[in-house]
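Residue numbering for the sequence shown follows the working numbering, beginning at 39 and increasing consecutively. Just so you know, even glycine gets a beta-carbon here, dropped at the ideal spot from N, CA and C.
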Amino acid sequence: MPKKKISNPIVVEMRRGFKEMRKGFESVDRRFESVDRRFESVDRRFSRIDKKLENIADIVGQHDKTLKTLVTRDEFNEFKKANLNAHENLGTSLEKLDQEFVSFTRANDRLKERVDTHEAALQKHKMLPVAA
Numbered sequence: 039m040p041k042k043k044i045s046n047p048i049v050v051e052m053r054r055g056f057k058e059m060r061k062g063f064e065s066v067d068r069r070f071e072s073v074d075r076r077f078e079s080v081d082r083r084f085s086r087i088d089k090k091l092e093n094i095a096d097i098v099g100q101h102d103k104t105l106k107t108l109v110t111r112d113e114f115n116e117f118k119k120a121n122l123n124a125h126e127n128l129g130t131s132l133e134k135l136d137q138e139f140v141s142f143t144r145a146n147d148r149l150k151e152r153v154d155t156h157e158a159a160l161q162k163h164k165m166l167p168v169a170a
C-alpha cells in the first residue's frame with residue numbers, strides 16, 4: 039500500500055517539528071554519552087589519585103613507626119656492648135668447638151691406626167682372609 043500524501047499543512051508542520059525534536063533529542067543523547075565518558079575519565083583519575091594518596095599514607099605510617107622506634111645514643115651504646123659481648127662469647131664457643139673437633143679427629147686417626155695394626159697382625163697369623 040503506497041503512503042498517502044498528507045496535505046494538511048498543520049500535520050506536515052507537526053511532523054517536521056517531531057523530526058527536528060527527534061534530531062535534537064539524539065543530539066542531547068550524544069552529549070549525555072559524551073558527558074558520561076568524561077565522568078568515567080574523571081572517576082579513573084580520582085581512583086588513581088586515591089591510590090597515590092593511600093601509598094603516601096602508607097609511607098607516612100612507616101615513617102611514623104620508624105620515628106617511634108628510634109633509640110637514644112645510650113640505648114644504642116648498650117645494645118652495641120651487648121652485641122659485642124655476645125660476639126666474643128660466640129667466638130670463644132667456636133674456638134672451644136674447634137679444639138674439640140681437632141682432638142676428636144686426632145683420636146679418630148689413632149683409632150684407625152690401631153685397627154689397621156690389629157688387622158695386619160691378624161692377617162699375619164692368618165686369622166683374617168686377605169682382602170683382594
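Helix, strand or coil at residue i according to DSSP, with G and I counted as helix
i, result
"Leu175", "Lying outside 39 to 170, the shown extent of the chain, residue 175 is not represented and no answer is given."
"Val109", "coil"
"Lys41", "coil"
"His163", "coil"
"Ala170", "Only weak support exists for where Ala170 lies, its pLDDT of 49 falling under 50; the value from the coordinates is given anyway. It is coil, neither helix nor strand."
"Ala158", "helix"
"Asn46", "coil"
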